[in-house]
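Colleague: Next up is a structure, given as C-alpha coordinates.
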Amino acid sequence: IMNIDRSSSPVYSIYNYIILGLVIEKCTGNLKCFIEDTCKSSFEMKSIKYNPEYSLRYNCCINSNGQQGICADHICNILHGVSGHSGAFCQLKDLVKLALIINNEGSLKENVVIEKDNFALFKADSEYVCGFKKLDDHRLYLCSDSGNMLYIDLKAKLTVIVLANFNHLTKDALMQIHKSIIDKASK
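Just so you know, this note's numbering puts 61 at position 11 of the sequence shown, and the rest follows in order with no gaps.
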(Lines of atoms letter the chains of each structure in order from A and count residues from 1; the text may use other names and numbers.)
(Lines give C-alpha, C1' and ligand atoms only; values in the text may rest on other atoms or scores of the structure.)
Protein backbone atom coordinates (compact mmCIF):
# COMPACT_ATOMS: atom_id res chain seq x y z
CA ILE A 1 0.00 0.00 0.00
CA MET A 2 2.76 2.43 0.92
CA ASN A 3 6.13 2.62 -0.80
CA ILE A 4 8.11 4.19 2.06
CA ASP A 5 11.53 3.36 3.51
CA ARG A 6 10.76 2.45 7.12
CA SER A 7 14.38 1.80 8.11
CA SER A 8 15.10 5.36 9.26
CA SER A 9 12.04 6.22 11.37
CA PRO A 10 8.48 5.10 12.17
CA VAL A 11 5.84 6.17 9.67
CA TYR A 12 2.32 7.28 10.56
CA SER A 13 -0.31 5.41 8.60
CA ILE A 14 -4.06 5.88 8.61
CA TYR A 15 -4.34 2.30 7.35
CA ASN A 16 -3.05 0.94 10.68
CA TYR A 17 -5.97 2.63 12.46
CA ILE A 18 -8.44 1.35 9.88
CA ILE A 19 -7.14 -2.20 10.34
CA LEU A 20 -7.33 -1.78 14.13
CA GLY A 21 -10.93 -0.60 13.79
CA LEU A 22 -11.78 -3.62 11.63
CA VAL A 23 -10.13 -6.01 14.12
CA ILE A 24 -12.03 -4.47 17.06
CA GLU A 25 -15.26 -4.62 15.02
CA LYS A 26 -14.66 -8.31 14.27
CA CYS A 27 -13.74 -9.19 17.89
CA THR A 28 -16.46 -7.21 19.63
CA GLY A 29 -19.20 -7.24 17.03
CA ASN A 30 -19.72 -3.48 17.23
CA LEU A 31 -16.93 -0.88 17.07
CA LYS A 32 -19.29 1.99 17.94
CA CYS A 33 -20.49 0.31 21.16
CA PHE A 34 -16.96 -0.76 22.10
CA ILE A 35 -15.54 2.76 21.75
CA GLU A 36 -18.44 4.48 23.50
CA ASP A 37 -18.65 1.91 26.32
CA THR A 38 -14.88 1.89 26.92
CA CYS A 39 -14.67 5.68 26.98
CA LYS A 40 -17.71 5.97 29.27
CA SER A 41 -16.62 3.29 31.76
CA SER A 42 -12.81 3.59 31.83
CA PHE A 43 -12.28 7.25 30.97
CA GLU A 44 -15.54 8.57 32.49
CA MET A 45 -16.23 10.37 29.18
CA LYS A 46 -20.04 10.42 29.34
CA SER A 47 -20.75 12.57 26.26
CA ILE A 48 -18.65 10.67 23.72
CA LYS A 49 -20.34 9.58 20.52
CA TYR A 50 -18.71 7.56 17.77
CA ASN A 51 -20.24 8.21 14.35
CA PRO A 52 -23.40 9.53 16.03
CA GLU A 53 -26.79 8.74 14.59
CA TYR A 54 -28.59 11.60 12.88
CA SER A 55 -30.73 12.62 15.88
CA LEU A 56 -27.61 13.22 18.03
CA ARG A 57 -25.52 15.17 15.51
CA TYR A 58 -26.92 18.57 16.54
CA ASN A 59 -24.77 18.33 19.68
CA CYS A 60 -21.52 17.82 17.72
CA CYS A 61 -19.05 20.18 16.08
CA ILE A 62 -19.09 21.10 12.42
CA ASN A 63 -16.44 19.41 10.29
CA SER A 64 -14.34 20.95 7.53
CA ASN A 65 -17.07 20.07 5.00
CA GLY A 66 -19.71 22.01 6.94
CA GLN A 67 -21.44 18.87 8.24
CA GLN A 68 -22.35 18.46 11.89
CA GLY A 69 -21.39 15.23 13.70
CA ILE A 70 -19.95 13.52 10.65
CA CYS A 71 -16.31 12.55 10.22
CA ALA A 72 -14.80 14.41 7.26
CA ASP A 73 -12.24 11.66 6.62
CA HIS A 74 -13.31 10.22 3.26
CA ILE A 75 -11.62 6.86 3.87
CA CYS A 76 -13.36 6.45 7.21
CA ASN A 77 -16.69 7.37 5.56
CA ILE A 78 -16.16 4.85 2.74
CA LEU A 79 -15.82 2.19 5.43
CA HIS A 80 -18.98 3.43 7.18
CA GLY A 81 -16.97 4.85 10.07
CA VAL A 82 -14.85 1.76 10.69
CA SER A 83 -11.65 3.41 11.74
CA GLY A 84 -9.88 3.59 15.06
CA HIS A 85 -8.76 7.19 14.57
CA SER A 86 -11.74 9.22 13.36
CA GLY A 87 -15.40 9.79 13.99
CA ALA A 88 -15.39 10.37 17.77
CA PHE A 89 -17.19 13.45 19.07
CA CYS A 90 -17.40 14.64 22.67
CA GLN A 91 -18.16 17.71 24.74
CA LEU A 92 -15.50 19.97 26.26
CA LYS A 93 -15.76 18.37 29.71
CA ASP A 94 -14.78 15.00 28.23
CA LEU A 95 -11.95 16.51 26.22
CA VAL A 96 -10.65 17.95 29.50
CA LYS A 97 -10.81 14.45 31.06
CA LEU A 98 -8.78 13.05 28.19
CA ALA A 99 -6.18 15.80 28.68
CA LEU A 100 -6.08 15.07 32.44
CA ILE A 101 -5.53 11.37 31.78
CA ILE A 102 -2.64 12.13 29.42
CA ASN A 103 -1.10 14.78 31.72
CA ASN A 104 -1.39 12.38 34.67
CA GLU A 105 0.42 9.65 32.72
CA GLY A 106 -2.64 7.45 32.30
CA SER A 107 -4.48 8.09 35.57
CA LEU A 108 -7.81 9.71 36.36
CA LYS A 109 -8.78 10.33 39.99
CA GLU A 110 -6.32 7.75 41.36
CA ASN A 111 -7.54 5.15 38.83
CA VAL A 112 -5.11 3.89 36.21
CA VAL A 113 -6.99 3.92 32.90
CA ILE A 114 -3.97 3.58 30.59
CA GLU A 115 -1.42 1.04 31.82
CA LYS A 116 2.15 2.30 32.29
CA ASP A 117 3.51 0.20 29.38
CA ASN A 118 0.81 1.51 27.06
CA PHE A 119 1.30 5.08 28.23
CA ALA A 120 5.01 4.75 27.38
CA LEU A 121 3.88 5.00 23.72
CA PHE A 122 3.21 8.71 24.33
CA LYS A 123 6.90 9.12 25.08
CA ALA A 124 8.21 6.74 22.40
CA ASP A 125 10.37 7.98 19.57
CA SER A 126 7.81 8.34 16.80
CA GLU A 127 6.20 11.14 14.83
CA TYR A 128 2.62 10.22 15.82
CA VAL A 129 1.07 8.42 18.77
CA CYS A 130 -2.63 7.63 19.16
CA GLY A 131 -3.51 10.28 16.58
CA PHE A 132 -1.40 12.98 18.27
CA LYS A 133 1.49 14.55 16.38
CA LYS A 134 4.57 14.55 18.60
CA LEU A 135 6.30 17.91 18.46
CA ASP A 136 9.16 16.59 20.61
CA ASP A 137 9.67 14.13 23.49
CA HIS A 138 7.08 15.79 25.75
CA ARG A 139 4.71 17.89 23.58
CA LEU A 140 1.68 16.48 21.75
CA TYR A 141 -0.63 18.18 19.27
CA LEU A 142 -3.97 17.08 17.85
CA CYS A 143 -6.07 19.00 15.37
CA SER A 144 -9.48 17.57 14.54
CA ASP A 145 -10.96 17.75 11.07
CA SER A 146 -13.26 20.46 12.43
CA GLY A 147 -10.35 22.70 13.48
CA ASN A 148 -10.42 22.07 17.23
CA MET A 149 -6.99 21.74 18.80
CA LEU A 150 -5.61 19.88 21.79
CA TYR A 151 -2.02 20.74 22.79
CA ILE A 152 -0.42 18.91 25.72
CA ASP A 153 2.97 19.53 27.28
CA LEU A 154 3.70 16.49 29.48
CA LYS A 155 6.73 18.10 31.14
CA ALA A 156 4.94 21.34 32.08
CA LYS A 157 1.62 19.52 32.76
CA LEU A 158 0.03 22.10 30.48
CA THR A 159 -2.99 21.64 28.23
CA VAL A 160 -4.41 24.12 25.74
CA ILE A 161 -7.75 23.42 24.09
CA VAL A 162 -8.95 25.56 21.19
CA LEU A 163 -12.57 25.19 20.16
CA ALA A 164 -13.10 26.57 16.68
CA ASN A 165 -14.06 25.35 13.27
CA PHE A 166 -13.05 25.83 9.69
CA ASN A 167 -16.46 27.29 8.83
CA HIS A 168 -15.84 30.47 10.83
CA LEU A 169 -12.14 30.89 10.03
CA THR A 170 -10.11 29.86 7.04
CA LYS A 171 -7.94 26.81 7.58
CA ASP A 172 -4.83 28.99 7.14
CA ALA A 173 -6.01 31.47 9.80
CA LEU A 174 -6.85 28.69 12.25
CA MET A 175 -3.52 26.95 11.65
CA GLN A 176 -1.77 30.28 12.30
CA ILE A 177 -3.63 30.55 15.63
CA HIS A 178 -2.59 26.99 16.49
CA LYS A 179 1.04 27.71 15.59
CA SER A 180 1.04 30.89 17.66
CA ILE A 181 -0.36 29.07 20.72
CA ILE A 182 2.17 26.26 20.39
CA ASP A 183 5.05 28.72 19.99
CA LYS A 184 4.01 30.75 23.05
CA ALA A 185 3.30 27.65 25.17
CA SER A 186 6.73 26.27 24.32
CA LYS A 187 8.54 29.20 25.96
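Think of the CB as a built atom: it goes at the ideal place given N, C-alpha and C, for glycine as much as any other residue. Predicted model only: the values in this text are computed from it and were never measured.
Should L106 be listed as close to the ligand ATP, given that the test is whether its C-beta is under 6 Å from any heavy atom?
Modeller: You won't find the ligand ATP in this model; it holds no ligand whatsoever.
Colleague: Three Cβ pairs or more, each shorter than 8 Å: is that satisfied between the region 189 to 202 and the region 143 to 157?
Modeller: A contact exists between the region 189 to 202 and the region 143 to 157.
Colleague: Can you tell me where the beta strand (DSSP E) with T209 in it begins and where it stops?
Modeller: Looking at the DSSP string, the run of the beta strand (DSSP E) that includes T209 is L208 to V212.
Colleague: Which first and last residues belong to the alpha helix (DSSP H) in which F84 is found?
Modeller: L81 to S91 is the span of the alpha helix (DSSP H), which, as asked, contains F84.
Colleague: Could you check where the alpha helix (DSSP H) with L106 kicks off and where it finishes?
Modeller: Run containing L106: none; DSSP gives neither H nor E here.
Colleague: Would you check if the distance between the CB atom of Y100 and the CB atom of G137 is smaller than 7 Å?
Modeller: Yes, Cβ-Cβ distance for Y100 and G137 is below 7 Å.
Colleague: Identify the continuous beta strand (DSSP E) that holds K183 and give its terminal residues.
Modeller: Start and end: F182 to K184.
Colleague: If you pair each beta-carbon of the region 163 to 176 with each one of the region 102 to 110, do three or more pairs fall below 8 Å?
Modeller: As far as the Cβ criterion goes, the region 163 to 176 does not touch the region 102 to 110, which means the pair count is below three.
Colleague: Should T220 be labelled buried (16 or more other beta-carbon atoms within 10 Å of its own) or exposed?
Modeller: It is exposed - the Cβ of T220 has fewer than 16 other Cβ atoms within 10 Å.
Colleague: Going by DSSP, what residues sit across from Y178 in a beta bridge?
Modeller: Note: Y178 sits in a beta bridge opposite K183.
Colleague: So what does L148 bridge to, in DSSP terms?
Modeller: Its beta-bridge partners do not exist; DSSP assigns none.
Colleague: For S194, which three-state DSSP category applies?
Modeller: In the structure shown, S194 sits in coil (DSSP, three-state: anything other than H, G, I, E or B).
Colleague: Would you identify the three-state DSSP class for S236, choosing helix, strand or coil?
Modeller: The answer is coil: DSSP assigns S236 none of H, G, I, E or B.
Colleague: Between which two residues does the beta strand (DSSP E) carrying I202 extend?
Modeller: Segment M199 to D203, the beta strand (DSSP E) holding I202.
Colleague: Specify the secondary structure class of N153 as computed by DSSP and reduced to three states.
Modeller: Helix, per DSSP.
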